Amino acid sequence: MIAGKRQIWNAARALGWLGFLATVAQGQTAADLTEKHAQAKALEKRLPVPALTPRASFDLSPAREERFKKFLPKLFRKLSQRESVHLLVLGDASALKIHEGKQAETFPGMFAEALATQFFYPGGLQMNPSSRATGVPTINLRVLAQPEGSVLDAAAILESTARQAPVDVVLICYGQADAGMQAPVFTRAIQAALAGAQTLGAEVILCSPWLPVAGQSESVLGVTKPLADALQESAQELGVLHVDLGDLSRLLAIPTPQTQDEAQLFERIERSYREFFYLDEGGQFTPRASLHRALGGRIYQDLLDAPIKLPWETLEAKVKVQAATQLTLTYTLKNTGAKALELTALPLTANGWKPVEAKANVVLEPGASQTMTVSYASQGEAPPLQEALLRLPVLMCDGTLAQVETLRAKMEPVGIVWGLETQFNQETGFLAGCQVVNPGSSAIQGSWQAEFAGQKLEGRMDLPPEGTLPLNLRFDLPKEGLQVNRVPLNLTVTAGGETVKTTRQVTLTRNLGLGQSVPLQTSAQVKSPALVTLTPQATAKSLTLTFNLPTGEVLQDAPDGSGPSWQVEMNLDARSYGKRLEQGSTSPVRATGKALDGPGKVHPLAAWAFGNGYAAAFDPKEFQAALITRGDSRQITLTVPRTYLYLHEWALDNGNSQLGLAVRLTLRGAEGYVTYHLPLTTKSPNDVEALVVLELTPKPTARATVCVD
Numbered sequence: 091m092i093a094g095k096r097q098i099w100n101a102a103r104a105l106g107w108l109g110f111l112a113t114v115a116q117g118q119t120a121a122d123l124t125e126k127h128a129q130a131k132a133l134e135k136r137l138p139v140p141a142l143t144p145r146a147s148f149d150l151s152p153a154r155e156e157r158f159k160k161f162l163p164k165l166f167r168k169l170s171q172r173e174s175v176h177l178l179v180l181g182d183a184s185a186l187k188i189h190e191g192k193q194a195e196t197f198p199g200m201f202a203e204a205l206a207t208q209f210f211y212p213g214g215l216q217m218n219p220s221s222r223a224t225g226v227p228t229i230n231l232r233v234l235a236q237p238e239g240s241v242l243d244a245a246a247i248l249e250s251t252a253r254q255a256p257v258d259v260v261l262i263c264y265g266q267a268d269a270g271m272q273a274p275v276f277t278r279a280i281q282a283a284l285a286g287a288q289t290l291g292a293e294v295i296l297c298s299p300w301l302p303v304a305g306q307s308e309s310v311l312g313v314t315k316p317l318a319d320a321l322q323e324s325a326q327e328l329g330v331l332h333v334d335l336g337d338l339s340r341l342l343a344i345p346t347p348q349t350q351d352e353a354q355l356f357e358r359i360e361r362s363y364r365e366f367f368y369l370d371e372g373g374q375f376t377p378r379a380s381l382h383r384a385l386g387g388r389i390y391q392d393l394l395d396a397p398i399k400l401p402w403e404t405l406e407a408k409v410k411v412q413a414a415t416q417l418t419l420t421y422t423l424k425n426t427g428a429k430a431l432e433l434t435a436l437p438l439t440a441n442g443w444k445p446v447e448a449k450a451n452v453v454l455e456p457g458a459s460q461t462m463t464v465s466y467a468s469q470g471e472a473p474p475l476q477e478a479l480l481r482l483p484v485l486m487c488d489g490t491l492a493q494v495e496t497l498r499a500k501m502e503p504v505g506i507v508w509g510l511e512t513q514f515n516q517e518t519g520f521l522a523g524c525q526v527v528n529p530g531s532s533a534i535q536g537s538w539q540a541e542f543a544g545q546k547l548e549g550r551m552d553l554p555p556e557g558t559l560p561l562n563l564r565f566d567l568p569k570e571g572l573q574v575n576r577v578p579l580n581l582t583v584t585a586g587g588e589t590v591k592t593t594r595q596v597t598l599t600r601n602l603g604l605g606q607s608v609p610l611q612t613s614a615q616v617k618s619p620a621l622v623t624l625t626p627q628a629t630a631k632s633l634t635l636t637f638n639l640p641t642g643e644v645l646q647d648a649p650d651g652s653g654p655s656w657q658v659e660m661n662l663d664a665r666s667y668g669k670r671l672e673q674g675s676t677s678p679v680r681a682t683g684k685a686l687d688g689p690g691k692v693h694p695l696a697a698w699a700f701g702n703g704y705a706a707a708f709d710p711k712e713f714q715a716a717l718i719t720r721g722d723s724r725q726i727t728l729t730v731p732r733t734y735l736y737l738h739e740w741a742l743d744n745g746n747s748q749l750g751l752a753v754r755l756t757l758r759g760a761e762g763y764v765t766y767h768l769p770l771t772t773k774s775p776n777d778v779e780a781l782v783v784l785e786l787t788p789k790p791t792a793r794a795t796v797c798v799d
């Protein structure tokens, strides 16, 4: 017996345990294995079929369950019945960047993991799953976030790419790339996205982005907060769940202050926040997995519980314009807690205004209030207002908690609110939408005067408390002039013994025709720009844009070969008659090339590239781009196949058969890159309102596009 054991031990040492076990298994006959397999099958048939019985409770309190059902009732039903759930993420792809982490570890993935854990999903989280069903209940997460994604694209994505798979909940997170956008434009695009989600039968969670950081964070920390505040306001009105991922009070543990110096306090806050980011050699900050874990947990937490209010609030914010480039903010800071507060209020840069002087420190007893004052200077030309208030961020800290509050400040003595909608196909004149708003509790009397292209309008006003006066600023179009012309519109309002002046730039672009050349424009910073023109052509099979470069223009390749010598970006609204040039978005067709003659590269296109309603897989190889030399002149051409513009009626020689068009041509010369525009506007290039009209005829009408910036 001992000898037998010794032989077995020696065999195991010689073969290894795996080899030994394989040897034992080989001792069983095929008949034995077949019989055991049949016995196992018979046993399985006698056992009850496993079923996932819906649970009546998931360890959620009645209050939490009620809040969950309030915002996402369809999702709660599917989760409670343990059906597979499909989440879709839309937004700026930069918000999903993660250092040394997978996509499943970003904040949408962390939120989905929390759902899978809470509701006992055996299949867990599946990222961008295939359409093939596995039979195991899973939380499926599909990410359609775009690089530099704009909220203007959200509705178009929901009408196209999003329909390729089921959608139960849409997680919308925009605001970083759109930080300079006007709040009404942003909220209007959000409402269009909500309507798109509704057509899919999907519910929505709105997320404001996490706050950006930089080498000098005071210049960027508050730039996303105005839109975050507008998003919160809109979500409350619509009854949609809003989660502020930029809420520092629930993220940071501020070290015990050693001093009350504002600069050192900001440095402590900045240092604590930067711990959630990785700084690379290029100076870029990328979120770590720890930030995404915290933010994903916050979305889930806000779905169950209302955010806790901080022990202070801001009230009665007002701004008064001191000069064209200066304004003063006053607001009331109140202690709403039960303990005395020693608060520091640090105003941040946003909406084109930079703080230059402020009262920062204040001590408040419980229930006490204090008036705070901040002076601002504009960064360049102050942007116009499209709402009757100015949203300004202020970093508040009581030594333990920190939060960036957004003040909704009313303009004094009056607010001038511009309706900056682009007007297409104007024949003889245009109407500049403008309102004068009285923010106060007393009536205001005064006068106004507007001037445009030598035309003057004026009138009296008698505004009741919190009243609004629409100004019908109707002007005639200049009968003579350039194909593209920028003319200032000046408005002066006198009220309460004070005068407020504002200037807007109006770009007039005559409708383009086939075979006709139109000059492109550059920004004011470009000195003595060369003349570059655009000539559109169309046949029954294609649309071709020809960019005529200036004589003697020498294109240069980047010294390190990292960048192109030229780049064309074209936005085209090719929707059907009655839909094009209405609210919506497009996505650019982009082509690049080198300094030598030859074909360029057309980059991948979005499925909705030519306007809302398009949903196709466009092959870049079907487009053509090239740099050509003809005699002393050089040209860059971009050709779009007619078959890809399938929603357009394409009636050649008909002035009402139109396309919305915008182009940006970037050339690298001896002085570096210069970009030429048609039209030159501050509006988002993906917005239909940033387009002009191309008529598919060599004899276009005298109509014009009027763009007020």
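Taking the working numbering, I'd label the letters of the sequence shown as residues 91 to 799.
Every residue, glycine too, gets a C-beta built ideally from N, C-alpha and C.
Note that the coordinates shown come from a computational prediction; the quantities given were computed from them, not determined experimentally.
Can you give me the Cβ contacts of residue i inside the same chain, cut-off strictly under 7 Å, excluding the 5 residues immediately before and after it?
i	result
E406	Y421 and T422
G181	A235, G239, I262, C263 and Y264
V257	H176, L178, L290 and A292
G373	G305
F366	P377, R378, S380 and L381
Once you ignore the five residues that flank residue i on each side, which residues in its own chain have a CB closer than 6 Å to its CB?
i	result
T756	Q657, Y763 and T765
L581	A540 and T592
S655	L645, D647, K684, A685 and R758
E331	In the sequence under discussion, the amino acid at residue 331 is Leu, which differs from the Glu named in the question. For L331, where only same-chain residues beyond five positions count, the Cβ hits under 6 Å are F161 and I295.
V783	F514, N601, Q748 and T795
P788	G603, L604 and G605
E659	P678, R680 and R754
Q193	M217
What's the C-alpha gap between residue i and residue j?
i	j	result
Q322	A440	17 Å
L328	A287	14 Å
G642	E761	14 Å
D799	L768	14 Å
T629	A706	22 Å
D552	K410	20 Å
T791	E511	22 Å
L419	D392	32 Å
G549	F565	15 Å
A522	Y736	34 Å
A273	A283	15 Å
A269	T597	24 Å
A112	Q216	Bear in mind that a pLDDT of 41 at A112, under 50, signals an unreliable position, so the number given afterwards is only what the model happens to contain. Distance between the alpha carbons of A112 and Q216: 36 Å.
E712	P731	7 Å
E779	T771	10 Å
S459	K408	16 Å
Y211	G312	39 Å
H189	G530	50 Å
Cutting at 8 Å between CB atoms, please list the residues of its own chain near residue i, excluding the five before and the five after it.
i	result
M776	Note on residue identity: the sequence assigns Asn, not Met, to residue 776. Cβ within range, chain order: S240, L242, D243, N661, S675, T676, S677 and P678.
I359	L338, L342, I344, L485, C487 and A492
Q266	D182, S184, A185, P299, P302 and T314
In the DSSP assignment, find the alpha helix (DSSP H) that holds residue i and state where it starts and stops.
i	result
Q673	Premise fails: Q673 is in no alpha helix (DSSP H) and is neither H nor E.
L566	Per the sequence presented here, residue 566 reads as Asp, with Leu not at that position. No alpha helix (DSSP H) holds D566; the beta strand (DSSP E) holding it covers T558 to D566.
I359	E352 to R364
G387	A379 to L394
E249	A244 to E249
Terminal residues of the continuous beta strand (DSSP E) containing residue i?
i	result
V507	G505 to G509
M551	Q545 to L553
A716	Q714 to R720
K410	W402 to A413
N801	Residue 801 falls outside the range modelled here, since the chain spans only 91 to 799, and no answer is possible.
S459	S459 to S468
F637	S632 to N638
| query | On the three-pair Cβ rule with 8 Å, is the segment 273-293 touching the segment 239-252? | reply | yes
| Counting only runs that start and end within the segment 285-333, where is the beta strand (DSSP E) found for 3 or more residues in a row? | 293-298
| field | Validate contact between the segment 723-734 and the segment 622-640 using beta carbons, cut 8 Å, 3 pairs | value | yes
| Inter-stretch contact at 8 Å, needing at least 3 Cβ pairs: the segment 431-438 / the segment 523-534 | no
| Just checking, does the segment 500-520 make contact with the segment 443-450 on the three C-beta pairs under 8 Å criterion? | no
| message | Restricting to runs no shorter than 4 residues, where is the alpha helix (DSSP H) found entirely within the segment 156-201? | response | 163-170
| said: Could you tell me which whole beta strand (DSSP E) segments of length 3 or greater appear in the segment 422-451? | reply: 431-437 and 443-448
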